[in-house]
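**Student:** Sharing a structure here in structure tokens format.
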Amino acid sequence: MSPIYRKILGIYLLVLVLGISLSTLIYTNGSAVFDSTGSLVEEDIPQLTAISRLRVAIMQQKPVLYEYYATTDRAVFLRKFELIQRDVETGLHPIQGVIADKELYEQISKKNDWINKLAEKLDITLNTSPIDWDLARELLVEVSDTENRITPDIDALVELNHQHVQHSGMLAQDKTQLMIRLVIVFSIVIFLIAIFIGYYINAYIAETAERRRLAMFAERNPNPVLRLNWDGGVNYSNPASQTLIEQLGLNQVAELLPKDFSVRLQALRASNRDTCNLEFSLHERVFECLIHTLTDLHSYHVYLEDVTENKQAQQKLLHQAYHDDLTGLPNRRRLSEIFQTVTAGDSQANMAIILLRVDRIKRVLESQGYGASDHLLRALAERLNELMQDSKNSHGLSYLFRLEGATFGMLLPELDSAHQLGLLAERLQASMRDPLQVNTQEFFFTLSIGASIYPLDGRDLENLIRNAEAAVNRVRATGGNAFQCYTQDMNARAQRWLDLENGLRRALQRNEMALYFQPQASISAAQIIGVEALLRWRREDQQFISPVEFIPLAEESGLIIPIGEWVLRTACLQAISWQKTGMGKLVMAVNISARQFQHPGFVGLVGQILKETGLEPQYLELEITESVVMHDVEQTIATLNALRELQVKLSIDDFGTGYSSLSYLKRFPIHKLKVDQSFVRNMTRDANDVAIIKSVIALGQSLNLQVIAEGVETLEQLALLKQFGCDEVQGYLYSRPVPPAEFEQWLHAVTEESFTGTKH
Ligand code: C2E
Ligand code: MG
Ligand code: MG
């Protein structure tokens, strides 16, 4: 029973008790009023009537006696007197029983008897001859006196009666007033109770409504809710259960529960727990089931929830956490997990971490825009994955990962021999023979592959990856497209890298940098028309460091900005100095790296240096590599235009190695293409290189650009280039890059000997 219901019942009982008490009180008081009014009607009023009749009857005796005295008519007298006496009797009779004052009654009675006696004496006197008239008169006087004495007694009787009536009236009035008060009090109490009852009934109604709403909880619940009896039979199922049954094409509610449900119930009952959670699959959906034991009610509540979507989302999140978004391959975190699982086991097997980096991919990305990189990496991942699947049987278990950018990783947990690694690397390289398709274009790639072996090259994953990376870097440093295992001297190389960076920071202040110069010759005019400034770094220990080694380092560390500025200024100063010393007006070609070119202050710097040094702009040529110009083409064109406005010359270095789009090339305000030396190197042997050189020359001609071939070492190469219509050449055939003084001597020598005569 709810508290509110209990309160209402209490109030009801209170009202009942009050009602009964009030009724009893009203009844007793009402009876008292009834009694007093009853005595008034039944006793007091008849008494008053009787007293009046008595008074009249007594007063009538005297006139009848006087009439008898006057007429002496005895017959009339006797008849009248007898009637009067009867009236007196009837008057006295009712008073006799009820008048409290007996004395008063007896006095009246005695006085009346006396009058009767006097009347008898008068009768005798009047009937005795001779009539004694004196005696008769005396008797009549006596009657008058007696009558006069009776009157106060009757008045006293009336007074008594009056007092009795008044008393009864007062009593009835008091009782009636009491009843009225009681009724008023009761009404007030009832009114107050009604307010309380109203309040509690309101609360009760609200509570009932809330209960009804709560009862709707199961009914409206979108998830199945069941109530089972102690044996596991279904007592109740909400509408959502029915809907689910229909959706799943089941027949009855019990089929919604897992097959081993009764066993679970028994286990739950055996345990001391109230609830139990379980998860099960039904018709390709996953359900979560909460069983709640209600021991007091000998039943169970079962709540089912379809968590299929949650599970899928969880699995997706899990997959995302362990896989690379772009390629769908497992990521570094997954690699780390697998590595830990493998190393935690008892296996004594060797393991290998292989890193694969795609060579020259940056150039493709820069030329095709970064949107293409996604396609490319996906295609690459697919290719590698296929290969891994195919090679599973021949090379044992292996896992493929994407680590970052264009770097993929492999984990071979059961490595038998280094030979096995070599074979896999070969297969990997072979898989790159077919081109990869990006944006309807096909690209050929090669892979730089490095491997480290567990536990030989490291016991933890970080070390192994770092060492494999060192191996990859070594492969890349030697031109890429090869496989290399990590060897202990790799650390020394890394140390050297750090060493170089530190040295490079101080190189300018310590005057360790110098410019060497290599001549550029015009084939048709048979004369030296320009010179390329090539940077040299001679360290404290007199060791020469190749720009191939330190320029990328300077790029990466940002040191290229001050170094590049120094190169540009020194080269311009050199050019002007040679002009002044009568060495002719040679075009000074200066190499500009990507970071320098993209630096916002670059154009301003060029203008400033030209102004500072006084070199006419047409004698300065900036060499920019193909990959630099293809990165952010619009910005490049803007920068190139700004440089053109300065009237400096612009050439594209290492042309042919990148992927310049012809349409862009047309828009670049450039003067010269520098055929990359790798084509020149093999041109006497490789028909492909010849074809490339020829097409570059043809392209130059069609775009009205000069074409210079670099790396020309032999006369044979020179002859062929001349034959193909190449405008200019540069290479060891003429001179290696040399310090300025040496270059001056060389130039003097060739001009004196007549350039053409000596070399051709
Ligand atoms: P690059 O601009 O293509 O320079 C040509 C490279 O080929 C130079 O190497 C040069 O010594 C070498 N070379 C010239 N003729 C021949 C030849 O007949 N046979 C062979 N085998 N090699 C020849 P170097 O001086 O080692 O410079 C390498 C690269 O370093 C340059 O390639 C250039 O990209 C970069 N570099 C050099 N100096 C600077 C510089 O001041 N600033 C920037 N940003 N890069 C520079
Ligand atoms: Mg160059
Ligand atoms: Mg070059």
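Numbering (the numbering used here), first residue to last: -6 to 753.
Idealized CB from N, CA, C, for every residue including glycine.
#1: My parser needs the alpha helix (DSSP H) runs of 4 or more residues fully inside the segment 20 to 68; what are they?
#2: Just checking my contact of K667 with D646 at CB under 8 Å: how many whole Å lie between their CB atoms?
#3: Helix, strand or coil for G402, going by three-state DSSP, please let me know.
#4: Would you check if the distance between the CB atom of Y725 and the CB atom of E706 is smaller than 8 Å?
#5: Any idea what DSSP makes of C719, helix, strand or coil?
#6: Under 8 Å: do the segment 583 to 594 and the segment 612 to 632 share three or more Cβ pairs, one atom per stretch?
#7: Going straight from the alpha carbon of L615 to that of P323, what length do you get?
#8: Beta carbon of R531, beta carbon of A507: below 8 Å?
#9: May I ask which residues mark the beginning and end of the alpha helix (DSSP H) holding R778?
#10: Of all the CB atoms in chain B, is at least one closer than 8 Å to the CB of Q694?
#11: Quick one: using the 10 Å Cβ neighbour count with 16 as the cut-off for buried, is L736 buried or exposed?
#12: Measuring CA to CA, which of C282, Y5, L608 is closest to Y193?
#13: Between the segment 661 to 675 and the segment 633 to 642, can you find at least three pairs of beta-carbon atoms closer than 8 Å?
#14: DSSP state of W126, grouped into three classes?
#15: Ligand 2 heavy atoms versus the CB of D669: any closer than 7 Å?
#16: Give a yes or no on contact between the segment 152 to 172 and the segment 35 to 46, applying the rule of three or more CB pairs nearer than 8 Å.
#17: Given 7 Å as the limit, tell me if P732 has its C-beta closer than that to any heavy atom belonging to ligand 1.
#18: For the beta strand (DSSP E) holding E703, just list the boundary residues, first then last.
#19: Thinking C-beta only, is L440 closer than 8 Å to V524?
#20: Less than 8 Å between C-beta atoms, sequence neighbours within five positions excluded: which residues of the same chain meet that for I569?
#21: Does ligand 2 have even one heavy atom less than 7 Å from the beta-carbon of D646?
#22: Using CA atoms only, rank isn't needed, just tell me which of I77, S102, D80, Q333 is closest to Q89.
#23: Kindly indicate which residue of Y479, E462, Y727, I556 has the alpha-carbon position closest to the one of Q502.
#24: Given that a residue counts as buried once 16 or more other Cβ atoms are within 10 Å of its Cβ, and exposed if not, what is S391?
#25: L414: which of L348, I354, T400, R452 sits nearest, CA to CA?
#26: Report yes if the CB atom of A314 is closer than 8 Å to the CB atom of R325, and no otherwise.
#27: So who's on the other strand from A285, going by DSSP bridges?
#28: Using only CA atoms, which one of G242, P540, T236, A742 lies nearest to L497?
#29: Of all the options C565, I585, Y479, L111, which has the alpha carbon lying nearest to the alpha carbon of L579?
#30: Check this for me: beta carbons of H285 and D299, under 8 Å apart or not?
#31: Pick out the complete beta strand (DSSP E) segments inside the segment 445 to 509, 3 residues or longer, and give them in chain order.
#32: Per DSSP, W530 is paired with what?
#33: Look at P730 and F437 and say whether their C-beta atoms are less than 8 Å apart.
#34: Can you list, in chain order, the residues of its chain whose CB lies under 7 Å from that of A50, leaving out five sequence neighbours each side?
#35: Have a look at Q307 and E638 and give me their C-alpha separation to the nearest angstrom.
#36: For E542, verify whether its CB is less than 7 Å away from any heavy atom of ligand 3.
**Tutor:** Reading off the structure:
#1: 38 to 64
#2: By 1-based counting over the sequence shown, the position of residue 667 is 674. By 1-based counting over the sequence shown, the position of residue 646 is 653. The pair is a contact, with the Cβ atoms about 5 Å apart (cut-off 8 Å).
#3: The count along the sequence shown starts at 1 and reaches residue 402 at position 409. In the structure shown, G402 sits in a strand (DSSP, three-state: E or B).
#4: For the purposes of this step, residue 725 is taken as the residue at position 732 of the sequence shown. For the purposes of this step, residue 706 is taken as the residue at position 713 of the sequence shown. Against a cut-off of 8 Å, the Cβ pair of E706 and Y725 comes out as a contact.
#5: For the purposes of this step, residue 719 is identified with residue 726 of the sequence shown, where counting begins at 1. Three-state result, C719: coil.
#6: yes
#7: As a working note, residue 615 is residue 622 in the sequence shown. As a working note, residue 323 is residue 330 in the sequence shown. Approximately 45 Å between the Cα atoms of the pair.
#8: Your numbering for residue 531 matches position 538 in the sequence shown. Your numbering for residue 507 matches position 514 in the sequence shown. Yes, the Cβ-Cβ distance between R531 and A507 is below 8 Å.
#9: As shown, the chain starts at -6 and ends at 753. That puts residue 778 outside it, with no answer to give.
#10: You won't find chain B in this structure, because it holds only one protein chain.
#11: Taking the sequence shown and counting its residues from 1, the one referred to as residue 736 is at position 743. The amino acid at residue 736 is misidentified as Leu; the sequence shows Phe. Buried.
#12: On the sequence shown, residue 193 is found 200 positions in, with the first residue counted as 1. Comparing C-alpha distances from Y193 to each of C282, Y5, L608 shows the shortest one belongs to Y5.
#13: yes
#14: What you label residue 126 is simply residue 133 of the sequence shown in a count that begins at 1. Residue state, collapsed to three classes: helix.
#15: For the purposes of this step, residue 669 is taken as residue 676 along the sequence shown, with counting starting at 1. No.
#16: yes
#17: Taking the sequence shown and counting its residues from 1, the one referred to as residue 732 is at position 739. Not so, every heavy atom of ligand 1 lies at least 7 Å from the Cβ.
#18: Looking up residue 703 in the sequence shown gives position 710. Run containing E703: 699 to 703, per the beta strand (DSSP E) assignment.
#19: As a working note, residue 524 is residue 531 in the sequence shown. As a working note, residue 440 is residue 447 in the sequence shown. No, Cβ-Cβ distance for V524 and L440 is not below 8 Å.
#20: Taking the first residue of the sequence shown as 1, we reach residue 569 at position 576. Once the five neighbours on either side are set aside, the close Cβ partners of I569 are T606, G607, L608.
#21: As a working mapping, residue 646 is identified with position 653 in the sequence shown. Flag set: Cβ of D646 near ligand 2.
#22: Numbered from 1 along the sequence shown, position 96 holds the residue referred to as residue 89. The alpha carbon of Q89 has as its nearest neighbour, out of I77, S102, D80, Q333, the alpha carbon of S102.
#23: Taking the sequence shown and counting its residues from 1, the one referred to as residue 502 is at position 509. Selected option, being the one with the closest Cα: I556.
#24: Position 398 of the sequence shown holds residue 391. Label assigned to S391: buried.
#25: Along the sequence shown, read from residue 1 onward, the residue named residue 414 stands at position 421. If we check each option's Cα against that of L414, L348 comes out closest.
#26: Here residue 314 corresponds to residue number 321 of the sequence shown, with the count starting at 1. Here residue 325 corresponds to residue number 332 of the sequence shown, with the count starting at 1. Result no, Cβ atoms of A314 and R325 do not sit closer than 8 Å.
#27: Translated into positions along the sequence shown, residue 285 becomes position 292. The sequence shown places His at residue 285, rather than the Ala named in the question. DSSP lists T268, H294 as partners of H285.
#28: What you label residue 497 is simply residue 504 of the sequence shown in a count that begins at 1. Among G242, P540, T236, A742, the Cα nearest to that of L497 belongs to P540.
#29: Along the sequence shown, one-based indexing puts residue 579 at 586. When only C-alpha atoms are compared, the closest one is C565.
#30: Counting from one through the sequence shown, the residue named residue 285 turns up at place 292. Counting from one through the sequence shown, the residue named residue 299 turns up at place 306. In this structure, D299 does not lie closer than 8 Å to H285 by Cβ.
#31: 475 to 478
#32: Looking up residue 530 in the sequence shown gives position 537. According to DSSP, which records beta bridges pairwise, W530 is partnered with M506, I538.
#33: Translated into the one-based positions of the sequence shown, residue 730 becomes position 737. Translated into the one-based positions of the sequence shown, residue 437 becomes position 444. In terms of Cβ geometry, P730 and F437 do not form a close pair [threshold 8 Å].
#34: Residue 50 sits at position 57 when you count from the first residue of the sequence shown. Same-chain partners within the cutoff: I77, D80, V81, G84.
#35: Working through the sequence shown from its first residue, we reach residue 307 at position 314. Working through the sequence shown from its first residue, we reach residue 638 at position 645. Between Q307 and E638, the C-alpha separation is close to 59 Å.
#36: Indexing the sequence shown from 1 puts residue 542 at position 549. For ligand 3, not one heavy atom lies less than 7 Å from the Cβ of E542.
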